[in-house]
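*Asks:*
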Amino acid sequence: MRTSRISDGSVTALLVVDDVRVREAMKDLLSAAAGFRLVAAVADPAEAVEQAARHAPDIGIVDLWSTADQVSRGLNVVTALCQCEVAVLALTPRERVGALALEAGAAAFVDKGCGPDHVLEAARSVAGARSGVPTVPRGEIRADPA
Numbered sequence: 001m002r003t004s005r006i007s008d009g010s011v012t013a014l015l016v017v018d019d020v021r022v023r024e025a026m027k028d029l030l031s032a033a034a035g036f037r038l039v040a041a042v043a044d045p046a047e048a049v050e051q052a053a054r055h056a057p058d059i060g061i062v063d064l065w066s067t068a069d070q071v072s073r074g075l076n077v078v079t080a081l082c083q084c085e086v087a088v089l090a091l092t093p094r095e096r097v098g099a100l101a102l103e104a105g106a107a108a109f110v111d112k113g114c115g116p117d118h119v120l121e122a123a124r125s126v127a128g129a130r131s132g133v134p135t136v137p138r139g140e141i142r143a144d145p146a
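Per this note's numbering, numbering through the sequence shown is continuous, rising by one, with the last residue being 146.
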């Protein structure tokens, strides 16, 4: 397994989100956050795998979409990124889909409705697990809806 660069404050991230508004908001969030460097932001699952191979990011943040077909495509992305040794944080609106993401190899998932601070906390946690930094257990990272 590759070693994360979190120790030097440079966690590389690949963002896979089909909704352009959400993708742009997530790009802004990660670009402004200390300790992250966004290497690619894509909508297409096949392009996500290509970008993972090209950039070898530390983490992948994958939005698991809402329809069954879209969820299936998203889970395929999770599996493919894990095969590229990319730790995956899944964004999902439903706990059941989050459980499927974990089965596909995701390190954690967060509810899409949680705030940006919780997404960053989860991303840091997933990246920290790669480098041996103590982190939350594999699974859901709960966020207070407040």
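Glycine included, C-beta positions come from ideal geometry on N, C-alpha and C. The model shown is predicted, which means the values in this text are computed figures rather than measured ones.
Can you tell me whether Gly115 is buried or exposed, with buried defined as 16 or more other CB within 10 angstroms of its CB?
*Replies:* Taking the sequence shown and counting its residues from 1, one reaches residue 115 at position 115. So Gly115 counts as exposed.
*Asks:* Report the option in Ala90, Val17 and Leu29 whose CA atom is closest to the CA atom of Phe109.
*Replies:* Numbered from its first residue, the sequence shown carries residue 109 at position 109. Out of Ala90, Val17 and Leu29, Ala90 has the C-alpha closest to the C-alpha of Phe109.
*Asks:* With distances taken Cα to Cα, identify the nearest neighbour of Asp58 among Ala87, Leu120 and Val49.
*Replies:* Along the sequence shown, read from residue 1 onward, the residue named residue 58 stands at position 58. When only C-alpha atoms are compared, the closest one is Ala87.
*Asks:* Tell me whether the stretch 76-84 and the stretch 29-40 touch, counting them as touching only if at least three CB pairs, one residue from each stretch, are closer than 8 Å.
*Replies:* In short, these stretches do not touch, since the Cβ pair count stays below three.
*Asks:* Do you know how far the Cα of Val16 is from the Cα of Asp44?
*Replies:* On the sequence shown, position 44 is the one that residue 44 refers to. On the sequence shown, position 16 is the one that residue 16 refers to. For Asp44 and Val16, the distance between alpha carbons rounds to 7 Å.
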